[in-house]
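S.K.: Structure provided below as structure tokens; questions to follow.
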Amino acid sequence: SQQGEEDPQALSIQEGENATMNCSYKTSINNLQWYRQNSGRGLVHLILIRSNEREKHSGRLRVTLDTSKKSSSLLITASRAADTASYFCATAYEAGNNRKLIWGLGTSLAVNP
Amino acid sequence: GAVVSQHPSRVICKSGTSVKIECRSLDFQATTMFWYRQFPKQSLMLMATSNEGSKATYEQGVEKDKFLINHASLTLSTLTVTSAHPEDSSFYICSATLPRGETQYFGPGTRLLVL
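First to last, the sequence lines map onto chains A and B. First residue of the first sequence? That's 2 in my numbering, and the numbers climb one at a time after it. First residue of the second sequence? That's 14 in my numbering, and the numbers climb one at a time after it.
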């Protein structure tokens, strides 16, 4: 079952604006990851933040993690129309010899040109 | 690097037939592959975890006799939907990880429509 919740469920912005998506989770984690999915396609890994990290950057992406609040945020700066996609957070946990991911419900981002 | 392919990308079949979906890691050896199912505008639901050379581990509520998984090599896992019914219509996505890897690399997905 999925434990992550993301908000907002849908976000519509203009090109050039920043987009912020939030993710909350319920249990202890090894790390939290953000993925992107274009419509009808597979997912692409964006960034991983470990439980002992608070902030991480990758290009126009900035991810924060607050383990005390069990929440994370993904900020996309200077958004482009090509950023239009669904964004999912996933928390990693150990399951026997495997590491599984629990997925959030996703945020659908529309960047209007 | 870390490219995963899926075949077919789209399949339409009649109710009662079986459909096989292949997931291949093209440029790395994947000891673990995951199979997900995704309904429209929803998140991913993990169906099973597939380890090379051993039986797949199915998530609660997923029928192992319905969704047969074979991971015969380090680069190939297959999911067979047996006796498919319209309710099995969905988007099936596989992913693969490097040994002890933390990131999952996803295939492009297979859209199954059962008539």
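Where is the CB? At the ideal position from N, CA and C, for every residue including glycine.
Mind listing which residues of the stretch 109–126 of chain B have their C-beta closer than 9 Å to chain A's C-betas, in chain order?
M.R.: Going along the stretch 109–126 of chain B in chain order, one finds T110, R113, G114, E115, T116, Q117, Y118, F119, G120, P121, G122, R124 with a Cβ nearer than 9 Å to chain A.
S.K.: Report yes if the C-beta distance between A20(A) and L33(A) is below 9 Å; otherwise report no.
M.R.: For A20(A) and L33(A), no; Cβs fall outside 9 Å.
S.K.: Report back the beta-carbon spacing between G43(A) and I106(B) to the nearest angstrom; my notes put them in contact at under 8 Å.
M.R.: Correct: roughly 6 Å between the Cβ atoms.
S.K.: Can you find a CB in chain B that lies within less than 9 Å of the CB of L102(A)?
M.R.: For L102(A), the answer is yes, since a Cβ of chain B falls inside 9 Å of its Cβ.
S.K.: Where do the ends of the beta strand (DSSP E) carrying E7(A) lie?
M.R.: Residues 6–8.
S.K.: Going by beta carbon distance, what residues of the same chain come within less than 6 Å of S87(A), once the five residues before and after it are set aside?
M.R.: Contacts found: Q38, G107, S109.
S.K.: Give the interface partners of N105(A) over in chain B, defined as CB-CB distance under 9 Å, in chain order.
M.R.: Looking at the sequence itself, residue 105(A) is Gly, so the reference to Asn does not match. Within chain B, the residues near G105(A) are S56.
S.K.: Pick out whichever of A43(B), F80(B), T44(B), F41(B) has its Cα sitting closest to the Cα of D101(B).
M.R.: Here the closest residue by C-alpha is F80(B).
S.K.: Measure from the C-beta of S109(A) to each C-beta in chain B and report whether the shortest distance is under 9 Å.
M.R.: Chain B, which has a Cβ nearer than 9 Å to the Cβ of S109(A), makes this yes.
S.K.: Please go through the same chain and pick out, in chain order, the residues whose beta-carbon is closer than 6 Å to the beta-carbon of T110(B), but skip the five residues on each side of it.
M.R.: Cβ neighbours of T110(B) beyond the five flanking positions: T45, Q117.
S.K.: Look up S80(A) in the DSSP assignment and say whether it is helix, strand or coil.
M.R.: Coil.
S.K.: Can you tell me which residues form a DSSP beta bridge with I103(A)?
M.R.: T92(A).
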